[in-house]
Amino acid sequence: MRLDVSLQQKQQLQLRLAPQMIQAIEILQLPNIDLKDRIDLELAENEVLEVEEETSPALEATDSETADDAPSPDGPEGEAPGADAPDEEFSSTIERLTSMAEEDREAGLFRSRGEGQEASDRKLEALQATAAPPPSLQDMLADQLTLLDAPEKVEALARALLYCLDDDGLLPIPPLARPVLAAMDPEGNLQRPLQEVVEGAGAARAPGGAEARPFAGDYGGYGGGGGGRPLLHRAGPRDPDRAAAQREARRRDRDEAREEVLREAARVAATASSLRRRMRREGIEADLDEEVLLFPLVEVLDLLEAEGFEAGLDDASRALDLVQSLEPKGVGGRTPEETLLLQLRPGDPQRERKRHLISRHLDDWKKNRLPRICQAMGLSMEDLKELLEDLSALHPRPGTILRSERSAYVHPDVVIEWTESGDGEPSYEVRLVNEYFPTLRISPQYLRLFEDAATDPAVREMLKKKIGSARWLIDAIRQRQDTLLRVVREIVRHQGEFLDHGLPAMKPLKMQRIADDLGIHVSTVSRAIADKYAQTPRGIFPLKFFFHGGTESSDGSVESRLSVKEKVRQAIEKEDRRNPLSDEDLAHRFKAEGLNIARRTVTKYRKQLGIPSSRERREWP
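Counting in the working numbering, the final residue of the sequence shown is number 629, and the numbers go up one at a time with none missing.
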């Protein structure tokens, strides 16, 4: 083998984006709020760029006279200034930019500066009137804790337990705590390899199953977006390199998930071993269920012990009792049963029955197996329904009573309004929301300085770069506004029936269809609608909400997935509760109506809508 250093020539084609194109792509996908920040940054960095202000006629006349008195770029006698004069192409570009603002206003791409200033004043007033963020659940419980008379050590432990509560006010137990404790001897040593324990508990399941990919829609139970399987999918030739890369990516994901589970299992095993050692040291005997309940207490003790705070399981148990005595009742519960039991009133005559039902038959209650509960407890159906009516007032997540979340405000980028056209026919008007940012222009003072023949060549070169940067930004913003307006108008043209009649009239739509109609690339459509919202007569939706696939009917037409999902919801709402429709029944009913939909698809849509199964929906006589 010969090793040497040599020079070689190689010819190849590469696609490289110019800086102007990269800037246009970045600005296209920015929502209004982020675009406003980008404009403010450019105004601070580029002194040539300025905001176009409204001026009075007298001021305009003064500016005109000043411009007339200014020296001509061709010199006092009309002679060419020579090499220092700006080129004709650049001068024509400047003239085009100066006349662009009026065209933008006529096209509806921008609003006047006065309207933007008025909207800015309203936003400032709203910001000043905004309330401060509310205190957290832990802070409110800590305030209650200061009013209780408790030993200093117990109060310190209770305060530490407060900040281990989750947002629902519960003290969670790791899912691996039970299988790990079951695989340990009394001294805290594992009797089996940790990986075997994890796999036996089913915690090392590879990601990507149905449970690992929950529905992520957030529009009243209806999923948006243009992803998913194509409407009419036909298998074609598969790229072997791409398939191999996909398999390798899935393998890496499985390995990373497995390693993460094993790291969590090692942490749980260390805490479980500490629990067993503490129990032996303090002479505490308990079964497996009681040990699992002690697990979160040992986690807190281990954390405090690392900081030099010494306490025992007895102190931690008293601290937990102190936390569970706080309001609302149920905070500090470690299991669903304990959370509900903490909320039972001591003087309730039905307390023992309720305790028995929660402790023994909570799973039957969740799955609506009421006859089994009646048989086990010796109750009639009427008595059981009355008992469950009282229990329905309990909160499985008591922390939500005190938790006050601030509403997430959505600022729409476009507004779709119903209007009446000139011929009296109803139509929809698309309007961009532009009060977040003003109209930009290049400063006339710097333009005159650039065109002045007496300006230093180095200064002129610097001004040329600054003016070019400002020109690129103005062009990119104008192109963004124009593209967004065209895309939304095209969406309204395709989804006008949804705006008229709601979800049952939603049509399947792909981004490629919009791109073909407008003569642009599909990636441009994707960037134009990214992270942007539209205010419509039917509510505020992300623009991706209007893009989704569909299901083919027997007559060859295609039903939108959202419209099919809406039909599932309506069919379940109209069913007989004493004889609810199963997913198979719903599939047969839709097929009789000409809609080809499988049972598993009905099940998927029902779960996405948050509707329980037919057995859980049944009302018992």
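Just so it is clear, CB atoms sit at the ideal spot from N, CA and C, and this is done for glycine as well. None of the values given here were measured: they were computed from a predicted structure.
Residue 550 - containing beta strand (DSSP E), residue span: By one-based count along the sequence shown, residue 550 stands at place 542. Run containing residue 550: 547-550, per the beta strand (DSSP E) assignment.
Residue 448 classed as buried or exposed, judged by whether at least 16 other C-beta atoms fall within 10 angstroms: Taking the sequence shown and counting its residues from 1, one reaches residue 448 at position 440. Residue 448 should be labelled buried.
Expected contact under 8 angstroms - CB spacing of residue 177 and residue 338 to nearest Å: Walking along the sequence shown from the start, residue 177 turns up at place 169. Walking along the sequence shown from the start, residue 338 turns up at place 330. Rounded, the Cβ-Cβ distance is 7 angstroms, consistent with contact.
Proximity below 8 angstroms, CB of residue 25 to CB of residue 536: The count along the sequence shown starts at 1 and reaches residue 25 at position 17. The count along the sequence shown starts at 1 and reaches residue 536 at position 528. The answer is no: Cβ separation not under 8 angstroms.
Beta-carbon separation (whole angstroms), residue 555 vs residue 514, contact threshold 8 angstroms: For this step, residue 555 is matched to residue 547 along the sequence shown. For this step, residue 514 is matched to residue 506 along the sequence shown. Rounded, the Cβ-Cβ distance is 11 angstroms, inconsistent with contact.
Secondary structure of residue 281, DSSP reduced to three states: Looking up residue 281 in the sequence shown gives position 273. Looking at residue 281 - three-state DSSP - the assignment turns out to be helix.
Three-state secondary structure assigned by DSSP to residue 544: In the sequence shown, counting from the first residue as 1, residue 544 sits at position 536. The answer is strand: DSSP assigns residue 544 an E or B state.
Cα-Cα separation between residue 502 and residue 420, rounded to whole angstroms: What you label residue 502 is simply residue 494 of the sequence shown in a count that begins at 1. What you label residue 420 is simply residue 412 of the sequence shown in a count that begins at 1. So the two alpha carbons sit approximately 20 angstroms from each other.
Own chain residues within Cβ distance below 7 angstroms of residue 570, not counting five before or after: For the purposes of this step, residue 570 is identified with residue 562 of the sequence shown, where counting begins at 1. Excluding positions up to five away in sequence, the list reads 230, 511, 514, 556.
Identity of the residue in 528, 163, 474 nearest residue 494 by Cα: Your numbering for residue 494 matches position 486 in the sequence shown. Among 528, 163, 474, the Cα nearest to that of residue 494 belongs to 528.
Beta-carbon separation (whole angstroms), residue 331 vs residue 170, contact threshold 8 angstroms: Counting from one through the sequence shown, the residue named residue 331 turns up at place 323. Counting from one through the sequence shown, the residue named residue 170 turns up at place 162. Contact holds; Cβ gap of about 6 angstroms.
Cα-Cα separation between residue 158 and residue 624, rounded to whole angstroms: By 1-based counting over the sequence shown, the position of residue 158 is 150. By 1-based counting over the sequence shown, the position of residue 624 is 616. Taking the straight line from one Cα to the other gives about 45 angstroms.
8 angstroms Cβ cutoff met for residue 202 and residue 278: For this step, residue 202 is matched to residue 194 along the sequence shown. For this step, residue 278 is matched to residue 270 along the sequence shown. Against a cut-off of 8 angstroms, the Cβ pair of residue 278 and residue 202 comes out as no contact.
Close Cβ partners of residue 343 (< 8 angstroms) along its chain, the five nearest in sequence each way excluded: Locating residue 343 in the sequence shown gives position 335, where the first residue counts as 1. Closer than 8 angstroms at the Cβ level, and outside the excluded window around residue 343, lie 181, 301.
Beta strand (DSSP E) segment containing residue 610, residue limits: On the sequence shown, residue 610 is found 602 positions in, with the first residue counted as 1. From DSSP, residue 610 is part of no beta strand (DSSP E) but of the alpha helix (DSSP H) over 607-616.
Residues sharing a beta bridge with residue 417, DSSP: Working through the sequence shown from its first residue, we reach residue 417 at position 409. Beta-bridge pairing links residue 417 to no other residue.
Identified DSSP bridge partners for residue 438: As a working mapping, residue 438 is identified with position 430 in the sequence shown. According to DSSP, which records beta bridges pairwise, residue 438 is partnered with 424.
Burial state of residue 478, where buried means 16 or more other Cβ atoms lie within 10 Å: Within the sequence shown, residue 478 is the residue found at index 470, counting from 1. Burial call: buried.
Reference residue 145, options 20, 373, 381, 411, closest by Cα: Counting from one through the sequence shown, the residue named residue 145 turns up at place 137. Nearest C-alpha to residue 145: 411.
Alpha carbon of residue 383 to alpha carbon of residue 369, nearest angstrom: Here the question's residue 383 lines up with position 375 in the sequence shown. Here the question's residue 369 lines up with position 361 in the sequence shown. Distance between the alpha carbons of residue 383 and residue 369 is about 11 angstroms.
First and last residue of the uninterrupted alpha helix (DSSP H) at residue 2: With the chain covering only 9 through 629, there is no way to say anything about residue 2.
Cβ-based burial, residue 459 [other Cβ within 10 Å; buried from 16]: Working through the sequence shown from its first residue, we reach residue 459 at position 451. So residue 459 ends up on the buried side.
Per-residue DSSP class, three states only, for residue 148: As a position in the sequence shown, residue 148 is number 140, starting the count at 1. Looking at residue 148 - three-state DSSP - the assignment turns out to be helix.
Rounded separation between residue 305 and residue 267 - CA only: Within the sequence shown, the letter at position 297 stands for residue 305. Within the sequence shown, the letter at position 259 stands for residue 267. Rounded to the nearest angstrom, the two C-alpha atoms are 26 angstroms apart.
Whether residue 389 touches residue 365 by CB criterion (8 angstroms): To locate residue 389, count along the sequence shown from 1; it is residue 381. To locate residue 365, count along the sequence shown from 1; it is residue 357. No, they are not a contact pair.
Bridge partners - residue 449, DSSP secondary structure assignment: Position 441 of the sequence shown, counted from the first residue, corresponds to residue 449. DSSP output for residue 449 lists 58 as bridge partner(s).
Classification of residue 489 by the beta-carbon crowding that lies within 10 angstroms, buried from 16 upward: Taking the first residue of the sequence shown as 1, we reach residue 489 at position 481. Answer is buried; the Cβ neighbour count reaches 16.
contact_flag[the stretch 597-605, the stretch 537-550] where n(CB pairs < 8 angstroms) is 3 or more: Counting Cβ pairs under 8 angstroms, fewer than three are found: no touch.
Close-in-space but distant-in-sequence residues of the same chain around residue 380 (CB under 7 angstroms, 5 per side omitted): Your numbering for residue 380 matches position 372 in the sequence shown. 372, listed in sequence order.
Inside the stretch 372-421 only - alpha helix (DSSP H) runs reaching at least 4 residues: 378-385, 389-399, 407-410
Close Cβ partners of residue 425 (< 6 angstroms) along its chain, the five nearest in sequence each way excluded: Against the sequence shown, residue 425 aligns to sequence position 417. Closer than 6 angstroms at Cβ, skipping near neighbours: 437.
Runs of alpha helix (DSSP H) wholly within the stretch 458-528 (minimum 4 residues, chain order): If we require 4 residues or more, the alpha helix (DSSP H) runs fully inside the stretch 458-528 come out as 465-502, 504-509, 519-526.
Simplified DSSP assignment, three categories, for residue 590: Translated into the one-based positions of the sequence shown, residue 590 becomes position 582. Residue 590 falls in the coil class under three-state DSSP.
Residue 534 in three-state terms, based on DSSP: Along the sequence shown, one-based indexing puts residue 534 at 526. In the structure shown, residue 534 sits in a helix (DSSP, three-state: H, G or I).
Sub-8 angstroms separation of residue 185 and residue 280 beta-carbons: Translated into positions along the sequence shown, residue 185 becomes position 177. Translated into positions along the sequence shown, residue 280 becomes position 272. Their beta carbons are under 8 angstroms apart, which means residue 185 touches residue 280 by this criterion.
Alpha-carbon spacing of residue 422 relative to residue 452, whole angstroms: Walking along the sequence shown from the start, residue 422 turns up at place 414. Walking along the sequence shown from the start, residue 452 turns up at place 444. Approximately 32 angstroms, taken between the alpha carbons.
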